[in-house]
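The structure under discussion appears below in the form of structure tokens.
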Amino acid sequence: MRRLEMPRDKVTRFAPSPTGPLHLGHAYSALISAERAGAGRFVLRIEDIDRTRCRPEWEAQILDDLHWLGLRWETPVMRQSDRMPAYRAALDHLVAEGLLYPCRCTRADIRAALSAPQEGAPPHGPDGLIYPGTCRARSMADAGPQDALRLNLRAALGRTGALFFTENGPLHTGEHAIDPNWMAAQVGDVVLARRDMGTSYHLSVVVDDAAQGITEVTRGVDLFEATVIHVLLQALLKLSQPTYWHHDLIRDEQGKRLAKRDDARAIALYRAQGATPQDIRAMIGL
Ligand code: GLU
Numbered sequence: 094m095r096r097l098e099m100p101r102d103k104v105t106r107f108a109p110s111p112t113g114p115l116h117l118g119h120a121y122s123a124l125i126s127a128e129r130a131g132a133g134r135f136v137l138r139i140e141d142i143d144r145t146r147c148r149p150e151w152e153a154q155i156l157d158d159l160h161w162l163g164l165r166w167e168t169p170v171m172r173q174s175d176r177m178p179a180y181r182a183a184l185d186h187l188v189a190e191g192l193l194y195p196c197r198c199t200r201a202d203i204r205a206a207l208s209a210p211q212e213g214a215p216p217h218g219p220d221g222l223i224y225p226g227t228c229r230a231r232s233m234a235d236a237g238p239q240d241a242l243r244l245n246l247r248a249a250l251g252r253t254g255a256l257f258f259t260e261n262g263p264l265h266t267g268e269h270a271i272d273p274n275w276m277a278a279q280v281g282d283v284v285l286a287r288r289d290m291g292t293s294y295h296l297s298v299v300v301d302d303a304a305q306g307i308t309e310v311t312r313g314v315d316l317f318e319a320t321v322i323h324v325l326l327q328a329l330l331k332l333s334q335p336t337y338w339h340h341d342l343i344r345d346e347q348g349k350r351l352a353k354r355d356d357a358r359a360i361a362l363y364r365a366q367g368a369t370p371q372d373i374r375a376m377i378g379l
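So, in structure tokens, the structure goes:
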């Protein structure tokens with residue numbers, strides 16, 4: 094059944110994490126996002142919840158590079174580090190629904206619990222290792238500072254109706270139905286509040302996309318699989334659901350996707366060498 098689409102002014106966003114320089118891959122993502130906004134609104138969001146990896150110098154350089162590329166956005170720019178009360182409120186809602194539990198397992202504990210010597214590498218999903226459920230019976234009353242908070246995925250899936258999302262991008266175009274059994278097996282109990290951080294990428298991105306009124310999420314296809322987590326959280330938190338546009342990734346000559354450490358492809362470096370914004374567009378095929 095096709096759902097009726099309400100006409101909405103289009104709002105897209107670019108959400109960099111200031112953990113390194115803006116490189117060609119980010120420029121591509123930001124330019125696509127602005128282009129998808131068309132006559133609508135394009136907003137920025139600084140994803141700086143990981144205080145150990147984010148640096149104000151990177152943030153300043155990223156904003157400067159984006160401006161140089163010709164992008165303009167609304168101010169003030171939303172910063173995730175200012176949004177902890179909103180994340181706390183979302184977590185409180187899920188706690189009240191009985192959907193979260195505290196977990197003290199380290200990555201090594203999870204690996205050990207998953208390891209069956211006869212079976213190769215432990216299963217991975219869009220959120221990393223699929224949690225075996227060691228702490229699932231623990232109560233929130235027993236949560237302490239050493240704990241992360243995980244979503245009880247099966248219980249959560251039991252609270253929502255059927256879940257769908259619309260992908261408008263060229264790689265996976267169409268309406269996607271989420272199979273709860275697949276999700277329970279392939280995603281598992283994701284962490285929604287990391288220890289020492291009080292939130293997580295998945296929780297923050299969903300809360301903030303809704304707060305900024307994003308109607309279409311544009312981002313790299315490496316996050317396509319994580320979309321099922323975001324759609325589930327939108328349903329649990331009763332937030333409006335955007336459509337999605339996942340784009341291909343810019344790769345180096347060896348076919349490896351660019352990472353923050355690929356300083357050789359930093360926009361700042363191309364700028365210093367005299368490149369123009371048009372040169373950058375040409376390099377990424379825009
Ligand atoms: N902050 C994320 C990144 O820099 C992007 C997340 C998203 O677009 O949903 O990779």
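What the sequence shown shows, in our numbering, is residues 94 to 379, in sequence order. We put the beta carbon where it would ideally sit given N, CA and C, even for glycine. This structure is a prediction, so every number in the text was calculated from the model and none was measured.
So Gly133 and Leu351 are in contact, right, with Cβ under 8 Å, and what is the actual spacing, rounded? In fact, because the Cβ distance is near 28 Å, the residues do not count as touching under 8 Å.
Can you tell me whether Ala209 is buried or exposed? The criterion is at least 16 other CB atoms within 10 Å of its CB, across all chains shown. By the neighbour-count rule (16 or more Cβ atoms within 10 Å), Ala209 is not buried but exposed.
Expressed to the nearest angstrom, what Euclidean distance is found between the alpha-carbon atoms of Thr253 and Leu325? 8 Å
Apply the 10 Å Cβ neighbour rule to Arg312 and answer buried if 16 or more other Cβ atoms are within range, or exposed otherwise. buried
What residue from Leu115, Gln154 and Arg287 has the CA that sits closest to Arg200's CA? Arg287
Take the Cβ of Ser122 as the centre, count every other Cβ of all protein chains shown within 10 Å, and call the residue buried at 16 or more, exposed below. buried
Are Thr308 and Lys103 closer than 7 Å when you measure CB to CB? Yes, the Cβ-Cβ distance between Thr308 and Lys103 is below 7 Å.
Suppose contacts are defined by Cβ-Cβ distances below 7 Å. Is Ile55 in contact with Pro111 by that definition? Lying outside 94 to 379, the shown extent of the chain, residue 55 is not represented and no answer is given.
Neighbourhood of Arg106 by C-beta, 8 Å cutoff - its chain only, sequence neighbours within 5 removed: Closer than 8 Å at Cβ, skipping near neighbours: Ser126, Phe135, Val136, Leu137, Arg138, Asp302, Gln305, Ile307, Val310 and Thr311.
Assign Glu167 to one of two classes, buried (16 or more other C-beta atoms within 10 Å of its C-beta) or exposed (fewer than that). exposed
With a cut-off of 8 Å on the beta carbons, I'd call Pro370 and Trp151 a contact; round off their distance for me. Not really, about 20 Å apart at Cβ, beyond 8 Å.
Under 7 Å Cβ to Cβ from Met94, same chain only, skipping five residues before and after it: list those, please. For Met94, the pLDDT reaches just 49, beneath the cut-off of 50, and the residue's location in the model is therefore unreliable, although a value from the coordinates is still provided. The answer is none, since no qualifying residue turns up.
Which residue comes first and which comes last in the beta strand (DSSP E) that contains Trp166? Unbroken run through Trp166: none, as it is neither H nor E.
State yes or no: is the C-beta of Pro109 nearer than 6 Å to some heavy atom of the ligand GLU? yes
Tell whether a beta-carbon distance below 7 Å holds between Arg197 and Asp240. yes
Mapping the DSSP letters down to three states, classify Met376 as helix, strand or coil. helix
Starting from Pro114 and walking both ways along the beta strand (DSSP E), at which residues does that stretch end? Neither: Pro114 is in no beta strand (DSSP E) and is coded neither H nor E.
By a C-beta neighbour count over all protein chains shown, 10 Å radius and 16 as the cutoff for buried, is Gln334 buried or exposed? buried
How would you label Gly191, buried or exposed, when you count the other beta carbons within 10 angstroms and need 16 or more for buried? exposed
What would DSSP say about Arg129, mapped onto helix, strand or coil? Arg129 falls in the helix class under three-state DSSP.
Verify whether the separation of the beta carbon atoms of Ala249 and Leu329 is less than 7 Å. yes
Assuming Pro195 is part of the beta strand (DSSP E), what are its boundary residues? Counting along the chain, the beta strand (DSSP E) containing Pro195 begins and ends at Leu193 to Cys196.
Three-state secondary structure assigned by DSSP to Gly55: Residue 55 lies beyond the stretch modelled for the chain, which goes from 94 to 379, so this question has no answer here.
Glu150, DSSP secondary structure in three states: helix
Check whether the Cβ of Arg312 lies closer than 6 Å to any heavy atom of the ligand GLU, and answer yes or no. yes
Check whether the segment 334-346 touches the segment 314-324, counting contact only when three or more Cβ pairs, one atom from each stretch, lie closer than 8 Å. Touching, per the Cβ criterion.
Since Arg243 and Leu285 are thought to touch, with beta carbons under 8 Å apart, how far apart are those beta carbons, to the nearest angstrom? 7 Å
Exposure of Glu140, with buried meaning 16 or more beta-carbon neighbours within 10 Å: buried
Between Met290 and Arg172, what straight-line distance do the alpha-carbon atoms span, to the nearest angstrom? 15 Å
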